[in-house]
Each structure stands twice: as C-alpha cells, then as structure tokens.
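Residue numbers (the working numbering): 5 to 172.
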Amino acid sequence: MYKRTLSFVTGNKNKLKEVQELLGHIFDIVNIDLELEEIQGDPESITRKKCNEAARLTNKSVLVEDTSLCFNALGDGLYKLLHGFDDKKAYALCTFGLSEGIDKPVHIFQGKVEGSIVPPRGPTNFGWDPCFEPSGFSQTFAEMSAEMKNSISHRSLALQQLKAHFEK
Numbered sequence: 005m006y007k008r009t010l011s012f013v014t015g016n017k018n019k020l021k022e023v024q025e026l027l028g029h030i031f032d033i034v035n036i037d038l039e040l041e042e043i044q045g046d047p048e049s050i051t052r053k054k055c056n057e058a059a060r061l062t063n064k065s066v067l068v069e070d071t072s073l074c075f076n077a078l079g080d081g082l083y084k085l086l087h088g089f090d091d092k093k094a095y096a097l098c099t100f101g102l103s104e105g106i107d108k109p110v111h112i113f114q115g116k117v118e119g120s121i122v123p124p125r126g127p128t129n130f131g132w133d134p135c136f137e138p139s140g141f142s143q144t145f146a147e148m149s150a151e152m153k154n155s156i157s158h159r160s161l162a163l164q165q166l167k168a169h170f171e172k
C-alpha cells in the first residue's frame, strides 16, 4: 500500500515520536529539523507563518506544529506561577499547519484539552506534561502510558482532523 509522505518540521524528538505513533500507520513521516523564526501572536497566526517559512526554505509539502499551554489565571515551574490563584484551570492547545508547498494555502488543524495545573508528577522529559492533568483524569500527561496520552491529547485531536482532511 502506498503511504503519502509528510515532512514534519520539528527539532523536538518527543513530538516527532508522538506524530509517528499517531500517523505512521497511514503516512511516511519524514523529519526536517529547521530553525524557524520564533514569533509572537495567536497560535493560528504563528502556525501559518512557520508553515509558509518552512515551505519556502524546503520547497516541499510541510507539516509544522505550535503547542500552547494556556492558563485561565496568571500571576517547581508552572504550578508556582499559579500558587496565589484559586483557579488552576488551563488548556493544552495544539495547532498543526499543513502546506503543499511555496505559496500554497496553509490548512490549520487544532486540538484542545481542558485540564488543571498541578504539582509536577511523573517523568520530566517532555515539557509541561508533569504539571498538566487533563479534566476527568487523575494522572498528569507524564504519568500516563503513551497509548493513553495519545488517545486523548491535544496533539492526537489535531491529528485526527488532519487525517480527516486527507480522507475527503
């Protein structure tokens, strides 16, 4: 069976591994490690700019990602920032951008998971996973098995939309 190639632009080996686990059965995921300009703005604008820049630099169809941890309140890391606030609610937002090449439209796919910021628990090898506990669960992302996290995460929700895009 022919698998379409997706060139995923990231220098983060953990993100690459998750994308390969979530999409590798239907796409051939090729990693491109590029230094892209870090800009400020809303997640969709950031993703569009990164995607256009990556397409221009590689002259290929590219997939990029921007991930945000968003707090309802702001003031050992993330939890200490919220120490004085009663509202520890947050959400994880993943925004993927897909472009078929230079000057092609950027398609946006977003996944959002509501949760809370908690004292760090679990392995500390993947960003803020030890501090984020999704709503309805008693474990942080870091404490979950890869299979469990990949079934509910913001990244998996966004990638489900990407899969649906190719099924049209």
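All C-beta atoms in this analysis are idealised placements derived from N, C-alpha and C, irrespective of residue type, glycine included.
- DSSP, read as helix, strand or coil, puts L20 in helix.
- If you compare the alpha carbons of L97, L102, G119, S120 with that of S160, the shortest gap goes to L97.
- According to the DSSP assignment, F113 belongs to the beta strand (DSSP E) that extends over 110-121.
- Counting only residues of its own chain and dropping the five nearest sequence neighbours on each side, S103 has a CB closer than 6 Å to the CB of C55, A59, V66, V110.
- DSSP lists S120 as the beta-bridge partner residues of E137.
- Counting other Cβ atoms within 10 Å of its Cβ, A146 reaches 16 or more and is therefore classed as buried.
- The alpha helix (DSSP H) runs lying completely inside the region 9-76 and spanning 4 residues or more are 17-27, 47-62, given in chain order.
- Burial state of I50 is buried, judged by a 10 Å Cβ sphere holding 16 or more other Cβ atoms.
- Here F170 is exposed, its C-beta having fewer than 16 other C-beta atoms within 10 Å.
- In the DSSP assignment, A94 is bridged to F75, G119.
- According to DSSP, S160 shares a beta bridge with no other residue.
- R8 counts as exposed, since fewer than 16 other beta carbons sit within 10 angstroms of its beta carbon.
- Of the residues assessed, A168 falls on the exposed side of the cut-off, its CB having fewer than 16 other CB atoms within 10 angstroms.
- Burial of C135 is indicated by the presence of at least 16 other C-beta atoms within 10 angstroms of its C-beta.
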